[in-house]
Amino acid sequence: MPIRREQAPVQAGPISPPAWQELEESSDNQVQFAGVMQAARTMRRNGEAGAELLQVAEVSGDYFEVMGATPAFGRALDSGDQDADADSAAVVSAALAQRLFGSASSALGQDLRLDDQQVVVVGVMPSALADVMEEDLWLPARFQLRHQSRGNNYIRVLARLQPGFAAEALEARLAAVVTRWESEYPESHLGMRLSVHGLLDWQTRDVASMLWLLQGAVLLVLAVACANVANLALARLAGRRRELATEAALGAGRAHLMAGSIAEAVLLGLGGLVLGLLLAHFGLATLKLLASESVPRLSQLQVGPQAWTMAVATTVFATAISGLLPAWATLQMGGAEGLRGGRQDGADAIGGGWRQTLVAGQLALSALLLVSCLLVLLSLSRLAAVDPGFDTSGVLTGRISLPAVAALEVDGEGSGYERMLEASVNNARFLDDLLREVRAIPGVEGATAIDSAPLTGNNNWNGEVSIVGRDYAVGTAPTVEWRWVSPTYFDTIGVPVSRGRLPSTAADARETVINQRFADEQFAGVDPIGERVAWWNDEYEIVGVVGDVRQWSLGRDTSAEMYFRYGQAPSPETTTLILRTGMDPLSLTEPLRRKLQEVAPDTALFALRSMQQIEARSLSQSAFVGQLLALFAVTALLVSAVGLYGLLSFSVARRGQELGVRLALGATPAAVRQLVLNEALKLSVIGIGTGLIGAYFASRLLASVVYQPGGSDALAYLAAGLALAMIAAIAAWTPAARAAGLPPMRALRAD
Amino acid sequence: MSDPVIQLKGVEKSYPLKGGRSWVLRQVNINVNQGDFISIMGPSGSGKSSLLNILGLLDSEFDGEYSLAGEKVNGTSEKQRKKLARDHIGFIFQHYHLLDDLTVYENLDLPLSYRDVSAAERKARVGDVLDRFQIVGKKDLYPNQLSGGQQQLVAVARAVITEPAVLLADEPTGALHSTQGKMIMDLLVELNGQGMTIVQVTHNPEYAARGNRRVELFDGWLQPVAE
């Protein structure tokens, strides 16, 4: 179970090493804790050129036990590996072992170099765990060697509860610990809470509401289909009323009369089950493709025993629902009325009203789905129209590892801060040289770097800062996101400098620019230029204000931000190259790779994407939901249209004599056509109206996937209503026209 | 003497069959004058209903000449034929064919709603007919709340509410027991006495005799019946 620090404005954050140490020591026979620090490390293989960036987890000794994960080959890491003087052991993922060494088993005992650390592979994880343990490599954590401040939170905590010990009990236990911390260390822990989550819930937290929403949509389509099948069965039954009445007159019992309806429903259900499983089998690849950017643990998705069980259960349910009504109607039939074929026979008395209700219900559910789909699509168009704050065209981005790293460790000479600052200065020099080379690539109009590209949400470096000269009560200092950029960043990406200037190029300068949001929040009516912000061990002078940029995604509003220049503040170990070009940005991929290979062969280049791709990824969840809802809505719409057509066709056939009488009494064909259309109109108004009202109330379920719901959403209701009315009119027209063309003589022939 | 309301000359109807035609009506010639009450008799399949459909302008696929109220039916458009039927024909069916979902009042109003009659006049005419047929007390009942005879009474009232020149009755007593049948026949005679031209198809010789003329159809050929 993941345990996360909730401390406004931080949500679901990690904890500090001292806090972790206390939790680790409190492990007992009820709960076992594990600590993880995730990092990107540059990997080089001995004797081979090139570098690769790996996602690495530094884990405490109990990590594998807490995860319940056993390596497929070799051994797991344990507390012995955490000793400072132990050999550096590593466990690798099955995919990494396969990629580097050809097979999982041959990885054991192999050496790898991570930055400047030599490690030996002692275990390989099974590939089946790849979705749960997503890292490439696991190293023993040596938290004791790192920065020990309680304000420095970077350890993520996991817990395994022993049977009988509930999550609520753990939460209560953690609450007691946090209460003590709050009183002992208020500057670090005031207003803090440790939340406990289920691992699956945690991994799917961003998509859970979306998946529930889609599940709901699937159930609606299922309901529409069931209603349609029940409707068709009732219509068929009405056609067989004389036959059933004859059978009843000849002594057939209830069971015999119902057997036909039930057998029909079961056969239809079985057919549906087989077709559904085939569709699921062949459609899975498409679904995975559509959802690739939006849904975690996708590789585990398969049409296996779980899906079969679900499909069988759904089939049984759907068969019962769609078969029950006709079977019941059968029982109501079978009297002499049926033999006479009068209009008020059982099938008609039971079926007539039900059939209309079912069709109206189908239309209502279709309206609900269509509105939902249109709301998501409208949201998507609003999102696509959001100004990200910079020019996204002709931009290639690629992340690289920086050469000067491992400055976090506090052993060795100098403080951690000084070593990190020194690394940042070295990295700034490295970046200046590298960017100069990259700008020489033909077609490159500009090249710059930022720790994390806009719209990716990769950087969650943030924390409290204080504006020099202001006093803050505990927990009230402004929380700001921190960014590190090369001097040309704003010009290259097209972010305007609205006031002041950019930080100077002097390495010893301590200057920052802030974004407009920060300026508005903290310096309303005051000129921020010249103000100073205390950050870590230094004070930084605000020399400029730049435009707001959507850093996380198109749908997430900007936060207050501070931009540091590389070399003027300790910086992260990776950065993102930003290339501006007038060509297709992806055409620069290979030239960039070659250039890095040539001038910085030890630098790992990864995650190469055009800004358009990043933008599309930012829209992917809404697009995925929109696409699926559109599919469901169109399906429901077609099924409903068929249902309405079937009902009206049956109605015209059933009312043939009545319509003939009307024609014989002087009704014009137009009047008869109108009569049938009125029946459709009545059902449509009831069905669509109910659906639209339902959609209004259901729309709040869409809150997680709809961006800025608002006035234009009325369009969705209007468009859905009109579209459904049009579909209903088309479905009704043929039966209505057939009725209008009915020769009265033929209609009266039954007389 | 004025022109006949209905005039048929050499009317024939047939269906194509493999290797020939199946004849339903052969060389039917008949004149129906204003105030006539004609009974058409004949065995099943002799063409009685087919003839009535042609007379009622429900069937336009026939050969020969047909004039209704002085207007030629042949060669006219369907729209004109429907107008002719609306203006001049009233229908009574064997199984009444009242609309189940409509009350007696609404059933009576139905033919008027298909004609260019103002709402006020419709109301007046329905009220008048309800009164004339002594069914005011039943105006809010539905057909399934009435006996067969009462339903046919309403059906006759519905047929005459548009004041047609000719009332066509297709076995109007066929589904009724004798008392009810006699009541309906009395009503038709009464209407005829008031000047309504009636053509009825019947199997019942006694009811056929209530008319002033009888014709018999046999294998599609029309033969006068000796009085």
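In order, the protein sequences belong to chains A and B.
Take 1 as the starting number for the first sequence in my numbering and just add one per residue.
Take 752 as the starting number for the second sequence in my numbering and just add one per residue.
Even for Gly, the Cβ is constructed at its ideal location relative to N, Cα and C.
Taking the C-beta atoms as reference points, Leu918/B is found nearer than 7 Å to Met947/B. Collapsing the DSSP output to three states places Tyr717/A in a helix. Under the 8 Å Cβ criterion, the region 97-109 of chain A does not count as touching the region 55-66 of chain A, having fewer than three qualifying pairs. Separation of Ile805/B and Phe813/B (C-alpha to C-alpha, rounded to the nearest whole angstrom) is 8 Å. Around the beta carbon of Ala166/A, fewer than 16 other beta carbons sit within 10 angstroms, so the residue counts as exposed. Around the Cβ of Tyr472/A, a 10 Å sphere holds fewer than 16 other Cβ atoms; the residue is exposed. Counting only the Cα atoms, Leu431/A lies some 36 Å from Gly123/A. In this structure, the beta-carbon distance from Leu859/B to Gly899/B does not fall below 7 Å. Of all residues in the region 639-672 of chain A, only Gln657, Glu658, Gly660, Val661, Arg662, Leu663, Ala664, Leu665, Gly666, Ala667, Thr668, Pro669, Ala671 place a beta-carbon less than 9 Å from a beta-carbon of chain B. Per DSSP, Asp548/A lies in no beta strand (DSSP E) segment and is marked neither H nor E. Within the DSSP secondary-structure output, Arg254/A pairs in no beta bridge. Contact of Pro862/B with chain A by beta-carbon distance below 7 Å involves Leu665, Gly666. The closest CA to that of Gln522/A, considering only Asp557/A, Glu561/A, Gln551/A, Ser504/A, is found on Glu561/A. Taking a Cβ-Cβ threshold of 7 Å, the residues of chain B close to Met745/A are Asn804, Leu809, Asp810, in chain order. Taking the beta carbon of Leu942/B as reference, no residue of chain A falls within 8 Å; the closest one sits roughly 18 Å away. In terms of Cβ geometry, Asn943/B and Phe788/B form a close pair [threshold 7 Å]. With a cut-off of 8 Å on Cβ pairs, the region 437-450 of chain A is not in contact with the region 495-512 of chain A, counting fewer than three such pairs.
The continuous beta strand (DSSP E) containing Met562/A extends over residues 561-565. Between Val376/A and Val634/A, the CB-CB gap reaches or exceeds 7 Å. A Cβ-Cβ contact shorter than 7 Å links Leu619/A with Leu383/A.
What Arg866/B touches in chain A, judged by beta-carbon distance under 9 Å, is Gly666, going in chain order.
When beta bridges are read from the DSSP output, Ser800/B appears opposite no residue.
If you draw a straight line from the Cα of Trp181/A to the Cα of His189/A, it is about 6 Å long. When DSSP reads this structure, Gln38/A sits in a beta bridge with Ala57/A. DSSP places Glu171/A in the uninterrupted alpha helix (DSSP H) bounded by 167-184. Assignment of Ile614/A by DSSP, reduced to helix, strand and coil, places it in the helix class. Gln657/A carries a helical assignment under DSSP once its states are collapsed to helix, strand and coil. Contiguous alpha helix (DSSP H) elements confined to the region 891-921 of chain B occur at 899-911, taking only those with 4 or more residues.
In this structure, the alpha-carbon of Val546/A lies about 9 Å from that of Gly500/A. Residue pairing by DSSP places Gly771/B opposite Leu768/B in a beta bridge. Three or more Cβ pairs closer than 8 Å define a contact, and the region 81-100 of chain A meets that threshold against the region 123-141 of chain A. Exclusion of the five residues before and after Leu325/A leaves Ala230, Leu234, Trp354 as the residues of its chain whose Cβ lies within less than 7 Å of its Cβ.
Between Val196/A and the set Leu631/A, Leu628/A, Leu170/A, the nearest pair of CA atoms involves Leu170/A. Within chain A, the C-beta atoms nearer than 9 Å to that of Ala836/B come from Ala664, Gly666, in chain order.
The Cβ-Cβ distance between Ile843/B and Val880/B does not fall below 7 Å.
Interface residue (Cβ-Cβ distance to chain A less than 7 Å): His954/B is not classified as such.
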